[in-house]
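Novice:
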Amino acid sequence: MTTTPLPREAALIVNAHSRKGEALFHSAKSKLEQAGMTLLAAHAVEDPETLNDVVRGAVADGAPMVIVGGGDGSMSGTIDELVGGNCVLAVLPLGTANSFARTLGIPLDLDGAVDVIVNGMRRRVDLGMIDSDYFVNAASIGLSPLIGETVPHKLKRYLGRVGYLLWAVRCSIRFRAFRLIIKDGENERRMWSTEVRILNGPYHGGVELSENANVHSGEIVIQAVVGRGHLRLAADWYAKFFRLRDRNAHTEEFRGTSFRLETTPPLSISIDGEVLARTPVRVKIAASAVDVAVPAAH
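Quick note: the sequence shown uses the working numbering, first residue 0, plus one each step.
1. Leaving out five residues before and five after residue 278 in sequence, what residues of the same chain have Cβ atoms less than 7 Å from its Cβ?
2. Where residue 158 and residue 97 are concerned, what is the direct C-alpha to C-alpha distance, given to the nearest angstrom?
3. Nearest to residue 9 by alpha carbon, out of 286, 177, 3 and 67?
4. Which same chain residues, not among the five before or five after residue 242, have their C-beta less than 8 Å away from its C-beta?
5. Determine the burial state of residue 5: buried for a count of at least 16 other Cβ atoms within 10 Å of its Cβ, exposed for fewer.
6. As an exercise, report each continuous alpha helix (DSSP H) stretch of at least 4 residues that is fully enclosed by the segment 206-241, in chain order.
7. What does residue 294 pair with, by DSSP beta-bridge criteria?
8. Under the three-state reduction of DSSP, which class applies to residue 257: helix, strand or coil?
9. What residue from 128, 48, 82 and 110 has the CA that sits closest to residue 271's CA?
10. Quick check: what's the CA-CA separation for residue 40 versus residue 70?
11. My output table needs one value for residue 301: the three-state DSSP class, helix, strand or coil.
12. If you reduce the DSSP assignment to three classes, tell me which class residue 72 lands in.
13. For residue 31, which three-state DSSP category applies?
14. Rounded to whole angstroms, what's the CA-CA distance from residue 182 to residue 95? Just pull it up for me.
15. What are the boundary residues of the alpha helix (DSSP H) that includes residue 102?
16. Just to check my reading of the structure: residue 211 and residue 220 have Cβ atoms closer than 8 Å, yes? What is that Cβ distance to the nearest angstrom?
17. If you count every other CB in all the chains shown that lies within 10 Å of the CB of residue 77, and 16 or more means buried, which is it?
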């Protein structure tokens, strides 16, 4: 697969509202400059709602690379501005789960991530799409959107994935299974499900959920936890978190370029950690949609 060197000039844009964004902005700026990167602009964005505008401005000003610091939601919310252009996305993983960084093989510590930006390569990767909205890593239907809609920000910020787990236990008490319909244009499948993962990469919530999802595959993966019981969902997460031999026992996977997903009742969809859509939706792959910074040996 073709890789080329990364630009030596970039705009640094950090979501200061992300878990570690505010604390590490100045360190990231200093480390990048000390490593020889020329920063054309550097912004610690206090209001996440304006992050997209700041990235759009950097791209319009001709930055050859935009370094986005934040979590998966920050990457997903700004990626539309880079689709179809030559600007490279470089990831500073400053969020809670950092699933997209894990997918790209980017170290989660600041020094390791800076090293990738300075010494890594640019590579074209796929994006997922929910209707017309691009996303970088994963979307989900079921318990995850319920958690995302209700989890207190301070719990997420200070406890990270542990905070998510505690809130998940609380939310599961009132959560119910749903009817899922998957259509690929030729076939239709109906089943009971407690969670559906729409995967461009293998990770969701910082956990590797699929061995088949890959940002270079040209396919989207739909993974459904089948059945109606909460225990099956808990067992699936447990098995995948600890990478047990039977970790795929409770799921079915569907691979392709385009699907229509319907649920009864209609349900919210969490897209890279942010609740942004609702079933029914068209899910598809955007193959080789954007350039990203990856480790030289990845």
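Glycine included, each C-beta is placed from N, C-alpha and C at the ideal position.
Specialist: Taking the coordinates as given:
1. 140, 260, 261, 262, 265, 266 and 268
2. Legend: pLDDT at residue 158 = 46, less than 50; position of this residue unreliable, value from coordinates given subsequently. Answer to the nearest angstrom: the Cα atoms are 14 Å apart.
3. 67
4. 207
5. buried
6. 229-240
7. Looking at the DSSP assignment, residue 294 forms no beta bridge with any residue, so it has no partner.
8. strand
9. 128
10. 20 Å
11. Only positions 0 to 297 of the chain appear in this structure, which leaves residue 301 out of reach.
12. helix
13. helix
14. 33 Å
15. 98-103
16. 5 Å
17. buried
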